[in-house]
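Asks: There's a structure below that I have some questions on.
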Amino acid sequence: MLAFIARRLLQSILVMLTVGFIAFSLFNFVGDPVALMLPPEATQADRDEVRKSLGLDKPFYTQFAVFVQNALQGNFGISLRLGRPVSQLLAERLPATLELVGVATLLALLVGIPVGIYTALKRDHWSSQVLLTGSLIGVSLPNFLIGIFLIIIFAVWLGVLPSFGRGDTTQLGFWSTGFLTVSGLKAVVLPAVTLGFYPVTLIMRLVRSEMLEVLRTDYIKFARARGLSNQAVHFGHALKNTLVPVITITGLQLGGLIAFAIITETVFQWPGMGLLFIQAVQFADIPVMAAYLCLIGFIFVTINLIVDTLYYVVDPRLRMETSSAGGH
Amino acid sequence: MTGASGSKMGSTIGSKIASTFRRILDSDIWYKFKQDPIVITATIVGLILILSSAFAPLFAPHSPFDLKTLNLSDAFTPPAWIEAGKSQFLLGTDDQGRDVLSTIMYGSRASLVVGFAAVLLSMVVGITLGLMSGYFGGALDAFIMRIADVQLSFPAILIALLISGVARVVIPNSQHDQVAIYVLIFAIAASGWVQYARTVRGSTLVERNKEYVQAARVIGRRPLAIMFAHVLPNVLGPVMVLATLHIGTAIITEATLSYLGVGMPATQPTLGTMIRIGGDFLLSGEWWILWFPGLALVVLVLSINIIGDWLRDALNPKLR
Amino acid sequence: MNKNIAGPQNGAIRLCAPFLTRTIISALAMMVITFWVGICCAKPLRYATQDEPQTLDPHSANLAVTNRLLGNVYEGLVGRDKDFKMVPWLALSWSQPDAKTWRFKLRPGVKFHDGSPFTADDVVFSIERALSANSQMKASIQGVASGKKIDDLTVDVVMKEPNPVLLNHMFFFRIMSKSWAIKNNALLPQNYKDKEDTFASRNTNGTGPFMVTVRQPDVKTELVQNPNWWNKASPEKGNITAVTLLPVKNNATRLAALLSGEVDFVNDPPSQDIARLRAAPNITMILGAESRVQFLAFDLTRDELLYSNVKGKNPFKDVRVRQAIAHAIDAETIKLKVMRGLARPTGTIITPVDQGYSKDADIRLPYNVARAKALLKEAGYPSGFEVTLDCGAAQPPADICQAIAPMLARIDIKVTPNIVPTANYFQKIQKFDTSFYLLSWSTPTTDALYTLQSLLRSYSGDSSGNGDSNYGRYSSAQMDQLIDKIRIENDLKKRDEFIREALMLANDQLPILPIHQQLWPWAMRKGSTAILPPNNVPYFFRFNLK
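Residue numbers (the working numbering), protein chains in the order written: chain P, 29 to 356; chain Y, 10 to 329; chain E, 1074 to 1619.
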C-alpha cells in the first residue's frame, strides 16, 4: 500500500516537474523576459543589468531550480497585462471557477446517472432512443453555442436569469462565494448548465453502457435466478457496480471541467481563472499562461493521485496485481 | 497513409485495405447500415455539406475572400424569403455585405480542412508512436506513455489555446494571418495524438505475440516492415472509429478557438468566426448572421458524430 | 484598499430624508437608510461598459476610458457645469497678475478621500507630476513651466509661454495628494506604455465625488460616494450613492444585461441595437453630441513601411496616395451601415462644439473611386499595394476597419485589418509600431489647439506635449509655425483665423483622414436622467436613477 502510494507520488512529482519545465520554457524562451520588462529604448547596459538581476546569466539548470523554488512559493511574477502579481490574480479568480465547476459537476451527476439508468433499463423503448440521440446532439453542440442559446432564452426572451457575471458575492476570508446571495445563486444557473451539458451526456452514456454490461454478467443472472425483485437487482446490485467507474470518470473529468470552463466563462463573462487565461492568450501574457498551466497541472495530478489511491483501496484486484508485481 | 504506394510495403497495405473494404461490404456492417435510416440520412447530409464546401468556388454564388466584390451597402440584407431580402443573397448578408450562404460554404471548407488535417496529423503521429511503443516496449514505451500521461492531464482545448498563445508571441505580428491555419491545425493535432497512440499501442501489444508476427520475424523481416505491413492493418478498425469521432471534436475545437478570437482571423471566416460575428447581432434583429452558420456547424458535426457513434457500436461485438 | 469608505451617506440623507440626523454613522445604518429611502432617491448604479481603464493613475494615460472613470474620482482647479460651461472648481477664482502668471485662489476646506486637506502643495506637486517624463497629460497644463506656492490656498502657475486657453486645458488637469504620493511612493506617473506596476495605478486618492473602494481589473471596479465631498450640496447633484463598473466585452451580453435590468447604465450600446433600445419600454436614451472623431492616420516618416509589400519607399509619403484613399472611402455608407445613422461624416478633426471650428475646413474629399484610381496611378501605384491597418478591438473601430478594407480593395490597395485588443492597441501605436491605423479623438478642452498640437505638431518627445499622439510622425514646418502662433495668440479672432488656416492645411496635406464624428447615445433605465457632455464622461454625481 505504502509502496504503491509512494510510487504514484513519485510519478506525480515527475509529471509536475515536466509541466513546470514547459511553463519555465514558456517563460524563458518564448517571451524574452528582458524585452518584456524593459522599454524599447533601453540601452544594452540596462539589458545586461536586468538579465543579471533576473539570474539569466546563470546556467540553465540553476535558472530552472530558481523557477521551481519560486513556483513552490506561488511566485509566478507579474502579469504583463494587468501589472499585478499573477498568484494574487489567480487566487482572486479561483473561487469563481471552482464554484462554477462544482455546481456543474453536481448537475451532471444528478441528471446523468438517473437518465443513464433509465436508458439502460428501457434500452429498446423509444424514449431511450430519443434521449440517446439527444445526447449525441449535446455532444455535437459547441459549448459556446449552448451558452448563447441559453442567454437568448432565459436572459433576453424570458428575462428570468442574469446573462453575465457572478451576481453579488460574499467574502469569507480569502474565499469569495456567490452561494449566499440570491443574485449569486441565480447567476450560476446558466453557466453551470452550459458547462454541465457535456459531462451530463458523458455520464449518462457511461452509466448506460456500464449498466448494460453489468446486467449481462452471471452475477446479475444469478441474482435474478435467486428470485430477487427487479428493483433489488437493478439498484441493489447493478447500480452499485456501475458507480465505481462513474465516480472515477467524474473525478477525472473535474479537472477537465476546470480547464473547459474557459469557454463558458468567456461567454458569460464569469470572472474566473478561465477568463483570465483567455485574455492572457490574446495578450500573450506569458506569466499568467505559465502559472495557469502549473495550477491546472497541479489540480489534475492531485485528482489523479486521489482517484488512483481510492481505486487501490476499493478494488482488491489491483492490490493483488501490484503486490505480485512487487514480488518479482 | 497509403502514400508509399510504389513500394512493396505500400502495395501490401493497399491490398490489405482493399480486402478490409471488401470484407466490410460483405459483412453484416453494410447490411446494418442499410437498415438504419438515421445513419443513412446523416451520411447523405454530411456528404452534401462536405462536397458543397469542398467545391465552394464552383457552387458558391459569391466569394467572400474577394474584397473587391463586397459592397458595404449590401450589408444586413435579410434572407431572400423575407420582405427586404434580395434573390442573389439566399440566406442574407452579414455586417460587411458578405453573402451568408457563400461564407458558410467557404467557412465550412476552412473548418473541414482544419478538422481533417488535424485529425490526419494526430493520427499519423499517434499511430507511429503507438506502434513503436507497443512493438518495442521497454524504455521507449515507458517514455512515450509518460508523455501521453502528462498530455492527457490537459484537455485538448487548453493545449490548443496554449499553442496558439505561444504562436502569438513567437510569430511576428504581420505574419499571424498567413500562418493562422497551420497554427490551428498543429494546435488541434497536438492535443489529439494520445488517443491514437494508446489505442494502437494496446492493439499492437496483442498482435505482437500472435503467430503471424512471430513468423514474419522468424523469416527476417525488419521490425518497421512488420509493424506497418502486418500489425497496422489489424489495428485500423478502432483507429477509424476514433478518427471519425475525432473529426467532429476537431471541428468544434476549431470553431471554439475562432469564437474565442484566437483562431482564424476575421478576414478568413470559418464557421466559428461567423458565429462570433453573428453573436453581435443577436439582439438587433439580424438573426440570420448567427443562426445559419450555427445550424451549419451543428448539422455538420452531428452527422459526423452519428456516423462515428454508429460505427463504434457496429464494430463493438459487446453491444450487439 | 481605501479605509474610510463606510461613512454616512450625508448627501443622500440630506436630500431626501432631512429628519434623519447625521449622527448615524455606522455602515450598517447607512445600508438600512439606503434601503429605506431607496424608492425615493439614494441609489447605487450598476454600469456596464466595453472596456475598463487599465490604470487609475491620473497622469499616466490620456485615454477616454481612463477619463470616464477618473473624472469622477479626481478633480481639477476648474470644472464644467451641466451645460459644459467653465466654472470654478477646486479653485475659487483666478487672475492674471502678469502675462506669464496665473494666480489661483484655492477652495478652502476641501479634503482628499484619505482625509488630508487639499492645499497649494498638492497643486504644485501635481503640476510637477503631470510634466514629468512618463506623463501623457502634459497637454492638460499646456505652456506651464511650474507651480509656485504663495500661501496654503494660493498658487501661482508660471508660464513658459502664454496660453490664452489655459483654463480649457486645465479642465482635465487632475490634482493628486502630495502626502499620499510620498507615502505610497507614487511620485512619478506610471509608465503606461510599458505597463509599469505602481501604487497609484491601482489605488486612488482624489477630491472628487466618488472614491474607488474595490478594484478588480476585468471583474469590477466599485465606487462609493465621497461623504465629505465639498460640493455635495450642489443643485446638480443626483441620487447615485455608489457605482459598480462591470466590464462586459461582449456586445450582446452587455445589451441583454441592460434590457433585463441587471445593469442600469451602458455608455456604449452597440450601434446595431440602438433602434431596439429606443423601442424598449424600460430604457431611456440619453442623447448628446460627443466631440469624438474617428480618423485614419499614416506612417509618414519611415522610408519603408513596417507592414507593407512596398519595399524601399513609403507610399504614404505621397500626398496623392493619401488623397486616393480619401476618395475611396465612402463615409456615408459607413454611417448608414456601421453606425446605423449615428454619425456625422466630417472633413476635419474638430467638431462644431470646439473653439476654432470652421465650416470651410469641414469638407471631405468626395467619394469617387475613378478619381482615387487615377491619383494612385499618378503616384506610381497603378496596381495598388498591400498594407496592414491597425485598429482596436472595440466597437465601432473594429467594424469601421473591416468596412474600409473592401473599399480600398476597390482601388487595389489590399488592406489587412489587424484588430488588436484595446489594451494592447494603444501600447502598440504609442510605441509607433504601425503603418496605418484608425484612432478616435475627442477634444476635452473644447478648443482646437490641444487637438492640433497633439495630432499634427511635429513629435518632440519632451515635456511640451507636442505631437504626443502624432503616431504617424507627421512633420511640417508650416503646420508647426501655425500651431505655435495659435498657442501664443491672445486675440481670439486672430487665433480662430490661424486655426482655420491650420485645418485647411491639414486638408491639403492629409496627414490624417477624418471619417466621422460619432453621435452615440447612452442607454439607461427608464425614467432616469443624466447629462452626456461633449467629452462623453459620465459624471455620476449628476445622474438621477429611477
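Every residue gets a Cβ at the ideal spot worked out from N, C-alpha and C, and that includes glycine.
1. Taking just the CA atoms, how far does N1236 (chain E) sit from F1338 (chain E)?
2. Is there a C-beta anywhere in chain P that falls below 9 Å from the one on Q1127 (chain E)?
3. For G1152 (chain E), which of helix, strand or coil comes out of DSSP?
4. With 7 Å as the limit, tell me which residues of the stretch 265 to 283 of chain Y have their beta carbon closer than that to any beta carbon of chain P; keep them in chain order.
5. Is DSSP giving H153 (chain P) helix, strand or coil here?
6. Could you spell out the range, first to last residue, of the alpha helix (DSSP H) harbouring P302 (chain Y)?
7. Would V128 (chain Y) pass as a contact of P170 (chain P) if the rule is Cβ separation under 9 Å?
8. Is any beta-carbon of chain E found at less than 9 Å from that of Y339 (chain P)?
9. Can you check which of these residues, E:L1142, E:A1218, E:I1484 and E:L1261, is closest to R1202 (chain E) by C-alpha distance?
10. So what does DSSP say about V261 (chain P), is it helix, strand or coil?
11. For R1427 (chain E), count neighbouring C-beta atoms within 10 Å of its own C-beta (all shown protein chains included) and say buried if the count is 16 or more, exposed if not.
12. When you compare only the Cα positions, how much space is there between E120 (chain P) and G325 (chain P)?
13. With a CB to CB cut of under 8 Å and the five nearest residues on each side skipped, what residues in its chain are close to W1175 (chain E)?
14. Taking Cβ to Cβ, would you say N1145 (chain E) is nearer than 9 Å to Y1612 (chain E)?
15. Do N1340 (chain E) and N1609 (chain E) come within 9 Å of each other at the CB atom, strictly closer than that value?
16. To which residues of the same chain is F1614 (chain E) closer than 6 Å at the C-beta, ignoring the five residues directly before and after it?
17. Would you mind giving the Cβ-Cβ distance between L1163 (chain E) and F1191 (chain E), rounded to the nearest angstrom? I have them listed as a contact below 8 Å.
18. Is the beta carbon of T1419 (chain E) closer than 9 Å to that of P1587 (chain E)?
19. For A136 (chain P), which option in P:H153, P:G166 and P:Q116 has the closest C-alpha, if you only look at C-alpha atoms?
20. Hey, out of P:S211, P:P190, P:G130 and P:S191, whose CA is closest to T198 (chain P)'s CA?
21. By Cβ distance, which residues of its chain are closer than 7 Å to I286 (chain P), with the 5 residues on each side in sequence left out?
22. How would you write the range of the alpha helix (DSSP H) that Y40 (chain Y) sits in, first residue to last?
23. Taking 9 Å as the CB-CB limit, is K1021 (chain E) close to chain Y?
24. Skipping 5 residues on each side, what residues in its chain have a beta carbon closer than 6 Å to that of R1119 (chain E)?
25. Taking any Cβ of chain Y, which residues in the stretch 163 to 177 of chain P have a Cβ under 8 Å from it, in chain order?
26. Under the three-state reduction of DSSP, which class applies to K95 (chain Y): helix, strand or coil?
27. Can you find a C-beta in chain Y that's less than 9 Å from the C-beta of L243 (chain P)?
28. Alpha carbon to alpha carbon, how far is N1278 (chain E) from H1242 (chain E)? Give it in angstroms, no decimals.
29. Could you check what DSSP says for H1186 (chain E) in three-state terms: helix, strand or coil?
30. What residues in the stretch 1289 to 1302 of chain E have a beta carbon less than 9 Å from any beta carbon of chain P?
31. In terms of DSSP beta bridges, what is R107 (chain Y) paired with?
32. Opposite P1587 (chain E) in the DSSP bridges: which residues?
33. Rounded to whole angstroms, what's the CA-CA distance from P142 (chain P) to A318 (chain P)? Just pull it up for me.
34. Three-state secondary structure (DSSP) at G1465 (chain E)?
35. So which residues of chain P does G294 (chain Y) contact, with C-beta pairs closer than 9 Å?
36. Of all Cβ atoms in chain P, is any one closer than 9 Å to the Cβ of E1269 (chain E)?
Replies: In short, the structure shows the following:
1. On the third sequence, position 265 is the one that residue 1338 (chain E) refers to. On the third sequence, position 163 is the one that residue 1236 (chain E) refers to. C-alpha separation (whole angstroms): 38 Å.
2. Position 54 of the third sequence, counting from 1, holds the residue named residue 1127 (chain E). At least one chain P Cβ lies under 9 Å of Q1127 (chain E).
3. As a position in the third sequence, residue 1152 (chain E) is number 79, starting the count at 1. Here G1152 (chain E) sits in strand by DSSP.
4. Result list: T265, Y268, L269, G270 and V271.
5. For the purposes of this step, residue 153 (chain P) is taken as residue 125 along the first sequence, with counting starting at 1. Note: H153 (chain P) maps to coil in three-state DSSP.
6. Along the second sequence, read from residue 1 onward, the residue named residue 302 (chain Y) stands at position 293. W297 to L324 is the span of the alpha helix (DSSP H), which, as asked, contains P302 (chain Y).
7. Taking the first residue of the second sequence as position 1, residue 128 (chain Y) is located at position 119. Taking the first residue of the first sequence as position 1, residue 170 (chain P) is located at position 142. In this structure, P170 (chain P) does not lie closer than 9 Å to V128 (chain Y) by Cβ.
8. The residue you call residue 339 (chain P) lines up with position 311 of the first sequence. By this cut-off, Y339 (chain P) is not an interface position.
9. By one-based count along the third sequence, residue 1202 (chain E) stands at place 129. Proximity to R1202 (chain E) across E:L1142, E:A1218, E:I1484 and E:L1261 peaks at E:L1261, based on C-alpha coordinates.
10. If you number the first sequence from 1, residue 261 (chain P) lands on position 233. Note: V261 (chain P) maps to helix in three-state DSSP.
11. Residue mapping note: residue 1427 (chain E) aligns to position 354 of the third sequence, counting from 1. The question names Arg, but residue 1427 (chain E) is Asp in the sequence shown. With 16 or more Cβ atoms within 10 Å of its Cβ, D1427 (chain E) is classed as buried.
12. The residue given as residue 120 (chain P) occupies position 92 in the first sequence. The residue given as residue 325 (chain P) occupies position 297 in the first sequence. If you draw a straight line from the Cα of E120 (chain P) to the Cα of G325 (chain P), it is about 19 Å long.
13. For this step, residue 1175 (chain E) is matched to residue 102 along the third sequence. These residues qualify, in order along the chain: W1167, S1168, Q1169, D1229, V1230, M1232 and L1239.
14. Reading the third sequence from its first residue, position 72 is the one you call residue 1145 (chain E). Reading the third sequence from its first residue, position 539 is the one you call residue 1612 (chain E). Taking 9 Å as the Cβ cut-off, N1145 (chain E) and Y1612 (chain E) qualify as a contacting pair.
15. Stepping through the third sequence from its first residue, residue 1609 (chain E) is reached at position 536. Stepping through the third sequence from its first residue, residue 1340 (chain E) is reached at position 267. The answer is yes: Cβ separation under 9 Å.
16. Start at 1 with the first residue of the third sequence, and residue 1614 (chain E) comes out as number 541. Taken in chain order, the residues that qualify are P1282 and K1310.
17. Here residue 1163 (chain E) is taken as the residue at index 90 of the third sequence, counted from 1. Here residue 1191 (chain E) is taken as the residue at index 118 of the third sequence, counted from 1. Contact flag correct, Cβ pair sits at about 7 Å.
18. The residue given as residue 1587 (chain E) occupies position 514 in the third sequence. The residue given as residue 1419 (chain E) occupies position 346 in the third sequence. T1419 (chain E) is positioned such that its CB atom lies closer than 9 Å to that of P1587 (chain E).
19. Here residue 136 (chain P) refers to the residue found at position 108 when the first sequence is read from its first residue. Of the listed residues, the one whose Cα sits closest to A136 (chain P) is P:G166.
20. As a working note, residue 198 (chain P) is residue 170 in the first sequence. For T198 (chain P), the nearest C-alpha among the options comes from P:S211.
21. Position 258 of the first sequence, counted from the first residue, corresponds to residue 286 (chain P). Take I286 (chain P), set aside five residues on each side of it, and the residues of its chain with a beta-carbon closer than 7 Å to its own are T125, V129, I324 and I327, in chain order.
22. Here the question's residue 40 (chain Y) lines up with position 31 in the second sequence. Unbroken alpha helix (DSSP H) run through Y40 (chain Y): D37 to Q44.
23. An answer regarding residue 1021 (chain E) cannot be provided, because it is not within the stretch 1074 to 1619 covered by chain E.
24. Against the third sequence, residue 1119 (chain E) aligns to sequence position 46. Counting only residues of its own chain and dropping the five nearest sequence neighbours on each side, R1119 (chain E) has a CB closer than 6 Å to the CB of T1317, V1336 and D1337.
25. Answer in chain order: L164, I165, V167, S168, L169, P170, N171, F172, L173 and I176.
26. Stepping through the second sequence from its first residue, residue 95 (chain Y) is reached at position 86. Here DSSP, grouped into helix, strand and coil, assigns K95 (chain Y) to coil.
27. In the first sequence, residue 243 (chain P) corresponds to position 215, counting from 1. Judged by the 9 Å Cβ criterion, L243 (chain P) is not in contact with chain Y.
28. Here residue 1242 (chain E) corresponds to residue number 169 of the third sequence, with the count starting at 1. Here residue 1278 (chain E) corresponds to residue number 205 of the third sequence, with the count starting at 1. So the two alpha carbons sit approximately 22 Å from each other.
29. Locating residue 1186 (chain E) in the third sequence gives position 113, counting from the first residue. Assignment of H1186 (chain E) by DSSP, reduced to helix, strand and coil, places it in the coil class.
30. Flagged, chain order: Q1289, P1290, D1291, V1292 and K1293.
31. Locating residue 107 (chain Y) in the second sequence gives position 98, counting from the first residue. The partner list for R107 (chain Y) (beta bridge, DSSP) is empty, contrary to what the question assumes.
32. Translated into the one-based positions of the third sequence, residue 1587 (chain E) becomes position 514. For P1587 (chain E), which the question treats as bridged, DSSP gives the partners E:F1368.
33. For the purposes of this step, residue 142 (chain P) is identified with residue 114 of the first sequence, where counting begins at 1. For the purposes of this step, residue 318 (chain P) is identified with residue 290 of the first sequence, where counting begins at 1. Computed Cα separation, rounded: 40 Å.
34. Position 392 of the third sequence, counted from the start, is the residue given in the question as residue 1465 (chain E). Here G1465 (chain E) sits in strand by DSSP.
35. Along the second sequence, read from residue 1 onward, the residue named residue 294 (chain Y) stands at position 285. Near G294 (chain Y) there are no residues of chain P at all, since even the closest Cβ is about 12 Å away, more than 9 Å.
36. Here residue 1269 (chain E) refers to the residue found at position 196 of the third sequence. Against chain P, the CB of E1269 (chain E) has a partner CB under 9 Å away; the residue lies at that interface.
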